[in-house]
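Undergrad:
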Amino acid sequence: MTKWFDTNYHYIVPEFEQGMQFRFASSKVVDEFKEAQELGIHTRPVLLGPVSFLLLGKSHHSGVSPLTLLPQLLPVYIEVLRELAVAGAEWIQLDEPCLALDLDQAAQQATQEAYNQLSTVSPRLRLLLATYFGNLGENLSLALQLPLTGLHLDLVRAPEQLEQALARVPSTLSLSLGVIDGRNVWRTNLEQALAMIDQAVQVLGTERVLVAPSCSLLHVPLDLQQEVQLDDELRSWLAFAQQKLDEVVLLTQGSNTGQEAIASALEANRQAFARRRGSSRIHNEDVTHRVQAIVDVPAIRQSPYVERRQRQQERFHLPLLPTTTIGSFPQTAEVRAARAAHKSGKLSQDDYHTFLRKEIERAIRFQEEIGVDVLVHGEFERSDMVEYFGEQLDGFFFTQHGWVQSYGSRCVRPPIIYGDVARQQPMTVAWSSYAQSLTEQPVKGMLTGPVTILQWSFVRDDQPREQTCYQLALAMRDEVQDLEAAGIGIIQIDEPALREGLPLRHAEWSSYLTWAINCFRLASSGVRDETQIHTHMCYSEFNDIIEEIGRMDADVLSIEASRSQLELLDTFVTYHYPNEIGPGIYDIHSPRIPSAAEFEAILRNILRVLPPEQVWVNPDCG
45 MTKWFDTNYH YIVPEFEQGM QFRFASSKVV DEFKEAQELG IHTRPVLLGP
95 VSFLLLGKSH HSGVSPLTLL PQLLPVYIEV LRELAVAGAE WIQLDEPCLA
145 LDLDQAAQQA TQEAYNQLST VSPRLRLLLA TYFGNLGENL SLALQLPLTG
195 LHLDLVRAPE QLEQALARVP STLSLSLGVI DGRNVWRTNL EQALAMIDQA
245 VQVLGTERVL VAPSCSLLHV PLDLQQEVQL DDELRSWLAF AQQKLDEVVL
295 LTQGSNTGQE AIASALEANR QAFARRRGSS RIHNEDVTHR VQAIVDVPAI
345 RQSPYVERRQ RQQERFHLPL LPTTTIGSFP QTAEVRAARA AHKSGKLSQD
395 DYHTFLRKEI ERAIRFQEEI GVDVLVHGEF ERSDMVEYFG EQLDGFFFTQ
445 HGWVQSYGSR CVRPPIIYGD VARQQPMTVA WSSYAQSLTE QPVKGMLTGP
495 VTILQWSFVR DDQPREQTCY QLALAMRDEV QDLEAAGIGI IQIDEPALRE
545 GLPLRHAEWS SYLTWAINCF RLASSGVRDE TQIHTHMCYS EFNDIIEEIG
595 RMDADVLSIE ASRSQLELLD TFVTYHYPNE IGPGIYDIHS PRIPSAAEFE
645 AILRNILRVL PPEQVWVNPD CG
């Protein structure tokens, strides 16, 4: 399971083998089309395109591209399209988000070959190829020459590609304009969206222009009207999926019948944007000045790692191959019940805190008994690693019903960052200090890093994302320093989302990594040499940015490895990671418990690549 491009949605990675055969194993897409048809609703079925399906998978054979399986896969796609056509489908949407990536010649040729064949399924079937999450760049020429009826462009992420497309669009092709942000919760600037639509209509006519969200609306909550506790001011800035569909209808009406028909809606939209720009809720001058003072100053620790390590060894006296866990312990039914009772008012604050202290003590004693070297307090007070901090920071709002799908039946409720971020008081010090008071062994302070909080939130769109990230970094820097002052000697700042924030195009990586790493260093660098900073990363592949991870200069990095069969170790054959590292030896998401012999074998494999004095022993995740 991994992240879907740079979103917080996950997908199961398809696994491919040479010579494997495909078949049409489920009629779900056809059945659902027919079901809607029986209800009088004529839909446009949506399928992941064959090229993206293969490119997003993984081959079991090193050096063999999944694209070699395209000849075996295409007949199944043809069968599905044919059945949909027979059932009455007129339009079918094929998503090829990989066209927003850097594609080599083989992938481009595969795309041409695939759509040459798919376009011949039925003369009355119209194919819409949907792209999203970025600019097509050099792949735009390819997309425009494919035998299609329609092409969808993400004009929220890449508005500049509209002019490029209009200059070259063939006379047989319609354009679907993704002018409504399907990734974020903010109201659309209707005047700006109408300007793009009108630009396209002048070239193509109304018959060849479709108005649409930039991508699937599964990335945003369902309906703003369900948020009954939301104040009117903040409500006027937002649009969830239902409201975004209303915007699609409104923009279509304005384009077809003239802006006079929607004049009142346009004026209300202008006023909402003006009020948001001038709102005192989103501006904090102290935060602005503080960010301006540090943004151009590199954040570094007092001394190089070699000197820090010596002082940390003198302080902690840890053995070779020290053991630790990633942080969170299982959220048992009892923990969840106590939290729910506290939130509903059935359990008092004092009783709830007494319960949490007992859980923390139980976790500490368990770790002592089994011989863990560096302990954690278990994070029983937290329902979510972002929500916990967001609820204590200025500039955040949490919905009641703003659920979005993460994977399968699991949904998350991301916070909304609407204004400048500031910390008013310590957020974790009391719980970490209590845990440390129970034992002579070091207990890690546990924080979520600024980049991860940014990635897992709906972020304000009225300033650059890096500006918000620097604000988060300053809040976490204050928390780190308070933990150190309270006697917490080891502090972990989790950044599992660092990799997923990478732009889709390699040419844009450097800019993102510069500010993302600077934000981590800003959060972590304000401590003494003898304070040990850890970070943790998971849910992504990190081989291609391991050198940049090294630049974060965390004293210890724990990183997911066992879920990917320790592929990460190959990186350390050619790259010398400078600090200490704990490649995860246990996939905690798997119900299977490895034997001691398996753990030993994994550790021996790690020690063939990394020296023992550099290695920590830990699981993949919390």
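Using the numbering used here, the first residue of the sequence shown is number 45, and each one after it goes up by one.
Glycine included, C-beta positions come from ideal geometry on N, C-alpha and C.
1. For T368 versus V416, is the C-beta spacing smaller than 8 Å?
2. Would you check if the distance between the CB atom of G101 and the CB atom of L138 is smaller than 8 Å?
3. Among residues of its own chain, excluding the 5 on either side of L190, which ones have a beta-carbon nearer than 6 Å to its beta-carbon?
4. In its own chain, which residues sit with a C-beta less than 6 Å from the C-beta of V120, not counting the 5 before and 5 after it?
5. Exposed or buried, which one is Y619 when buried takes at least 16 other CB atoms within 10 Å?
6. Could you pull the start and end residues of the alpha helix (DSSP H) that Y556 belongs to?
7. Among residues of its own chain, excluding the 5 on either side of R345, which ones have a beta-carbon nearer than 6 Å to its beta-carbon?
8. Of the residues V200, R201, R168 and T250, which one's Cα is nearest the Cα of S218?
9. Between which two residues does the alpha helix (DSSP H) harbouring L498 extend?
10. Counting only runs of 3+ residues fully inside the stretch 453 to 539, write out the beta strand (DSSP E) ranges in chain order.
11. Would you kindly work out how many angstroms separate the C-alpha atoms of D631 and D664, rounded to a whole number?
12. With D290 as the anchor, note down where its alpha helix (DSSP H) starts and where it stops.
13. At the level of alpha carbons, what is the spacing between C455 and H445?
14. H361 bridges to which residues according to DSSP?
15. Closest to M471 by CA distance: which of R652, I629 and A530 is it?
16. Would you tell me roughly how many angstroms separate the C-alpha atoms of L147 and H196, rounded to the nearest one?
17. Evaluate E378 with the Cβ neighbour count: other Cβ atoms within 10 Å of its Cβ, from every protein chain shown; 16 or more gives buried, anything less gives exposed.
18. Beta-carbon within less than 7 Å of F433's beta-carbon, same chain only, minus the 5 sequence neighbours each way: which residues are those?
19. Where does F410 land, buried or exposed, given buried means 16+ other C-beta within 10 angstroms?
20. Mind pulling the beta strand (DSSP E) runs of 3 or more residues that sit fully within the stretch 64 to 147?
21. Cutting at 6 Å between CB atoms, please list the residues of its own chain near L169, excluding the five before and the five after it.
22. According to DSSP, simplified to helix, strand and coil, what is I414?
23. With the cut-off set at 8 Å, would you say G489 and Q436 are in Cβ contact?
24. As an exercise, report each continuous alpha helix (DSSP H) stretch of at least 4 residues that is fully enclosed by the stretch 192 to 276, in chain order.
25. What number of angstroms, rounded off, separates the C-alpha of S260 from the C-alpha of D428?
26. Does DSSP classify Y432 as helix, strand or coil?
27. Going by Cα to Cα distance, which pick from Q297, I122 and E552 is closest to N179?
28. Counting along the chain, where does the alpha helix (DSSP H) carrying L613 start and finish?
29. Please state whether DSSP places F20 in a helix, a strand or coil.
30. Under 8 Å between the Cβ atoms of V473 and D526?
31. Among residues of its own chain, excluding the 5 on either side of T216, which ones have a beta-carbon nearer than 8 Å to its beta-carbon?
32. What are the boundary residues of the alpha helix (DSSP H) that includes D330?
33. With a Cβ-Cβ cutoff of 8 Å, do L210 and M240 count as a contact?
34. So what's E423 in DSSP terms, helix, strand or just coil?
35. Per DSSP, D588 is paired with what?
36. Consult DSSP for I370 and reduce its assignment to one of helix, strand or coil.
TA: According to the structure shown:
1. Indexing the sequence shown from 1 puts residue 368 at position 324. Indexing the sequence shown from 1 puts residue 416 at position 372. Cβ distance < 8 Å, so T368 and V416 count as in contact.
2. Position 57 of the sequence shown, counted from the start, is the residue given in the question as residue 101. Position 94 of the sequence shown, counted from the start, is the residue given in the question as residue 138. Not closer than 8 Å, so no.
3. Position 146 of the sequence shown holds residue 190. Here the set comprises Y159.
4. Position 76 of the sequence shown holds residue 120. Only F66 and F68 meet the Cβ criterion.
5. The residue you call residue 619 lines up with position 575 of the sequence shown. It is exposed - the Cβ of Y619 has fewer than 16 other Cβ atoms within 10 Å.
6. The residue given as residue 556 occupies position 512 in the sequence shown. Y556 -> alpha helix (DSSP H) spans W553 to S568.
7. Sequence index remark: in the sequence shown, residue 345 carries index 301 (1-based). Same-chain partners within the cutoff: S569.
8. Walking along the sequence shown from the start, residue 218 turns up at place 174. It is T250.
9. As a first step, residue 498 must be located in the sequence shown, where it is residue number 454. For L498, the enclosing alpha helix (DSSP H) starts and ends at P494 to Q499.
10. Within the stretch 453 to 539, the complete beta strand (DSSP E) segments at least 3 residues long are 454 to 456, 460 to 467, 488 to 492 and 534 to 538, listed from N- to C-terminus.
11. The residue you call residue 631 lines up with position 587 of the sequence shown. The residue you call residue 664 lines up with position 620 of the sequence shown. Rounded to whole angstroms, D631 to D664 spans 5 Å at the Cα level.
12. Looking up residue 290 in the sequence shown gives position 246. Start and end: A285 to T301.
13. Locating residue 455 in the sequence shown gives position 411, counting from the first residue. Locating residue 445 in the sequence shown gives position 401, counting from the first residue. Each residue's Cα considered, the two are about 11 Å apart.
14. In the sequence shown, the residue the question calls residue 361 occupies position 317. In DSSP, H361 forms no bridge with anything.
15. As a first step, residue 471 must be located in the sequence shown, where it is residue number 427. Per the C-alpha coordinates, the member of R652, I629 and A530 positioned closest to M471 is A530.
16. Within the sequence shown, the letter at position 103 stands for residue 147. Within the sequence shown, the letter at position 152 stands for residue 196. Cα to Cα, L147 sits roughly 18 Å from H196.
17. The sequence position of residue 378 within the sequence shown is 334, counting from 1. Per the 10 Å Cβ criterion, exposed.
18. Taking the first residue of the sequence shown as position 1, residue 433 is located at position 389. Answer for F433: M471, T492 and I497, listed in chain order.
19. As a working note, residue 410 is residue 366 in the sequence shown. Per the 10 Å Cβ criterion, exposed.
20. Counting only runs of 3+ residues, the beta strand (DSSP E) found wholly inside the stretch 64 to 147 occupies 90 to 92 and 135 to 139, in chain order.
21. Locating residue 169 in the sequence shown gives position 125, counting from the first residue. Cβ neighbours of L169 beyond the five flanking positions: A129.
22. For the purposes of this step, residue 414 is taken as the residue at position 370 of the sequence shown. DSSP places I414 in helix when its eight states are reduced to three.
23. Walking along the sequence shown from the start, residue 489 turns up at place 445. Walking along the sequence shown from the start, residue 436 turns up at place 392. No, they are not a contact pair.
24. 205 to 210 and 234 to 248
25. On the sequence shown, residue 260 is found 216 positions in, with the first residue counted as 1. On the sequence shown, residue 428 is found 384 positions in, with the first residue counted as 1. Straight-line Cα distance between these residues: approximately 25 Å.
26. As a working note, residue 432 is residue 388 in the sequence shown. DSSP places Y432 in helix when its eight states are reduced to three.
27. On the sequence shown, position 135 is the one that residue 179 refers to. Per the Cα distances, E552.
28. Against the sequence shown, residue 613 aligns to sequence position 569. Segment: none, L613 is in no alpha helix (DSSP H) and carries neither H nor E.
29. In the structure as shown, the chain starts at 45 and stops at 666, and residue 20 therefore has no counterpart that could be examined.
30. Walking along the sequence shown from the start, residue 473 turns up at place 429. Walking along the sequence shown from the start, residue 526 turns up at place 482. Yes.
31. In the sequence shown, the residue the question calls residue 216 occupies position 172. Within the same chain, T216 has close Cβ partners T193.
32. Residue 330 sits at position 286 when you count from the first residue of the sequence shown. Taken as a continuous stretch (DSSP letters only), the alpha helix (DSSP H) holding D330 covers E329 to I338.
33. Position 166 of the sequence shown, counted from the start, is the residue given in the question as residue 210. Position 196 of the sequence shown, counted from the start, is the residue given in the question as residue 240. No, the pair does not count as a contact, with Cβ atoms beyond the cut-off.
34. Here residue 423 corresponds to residue number 379 of the sequence shown, with the count starting at 1. Reduced to three states, the DSSP call for E423 is coil.
35. Indexing the sequence shown from 1 puts residue 588 at position 544. BP columns for D588 are empty, so no partner.
36. As a first step, residue 370 must be located in the sequence shown, where it is residue number 326. I370: coil per DSSP, three-state reduction.
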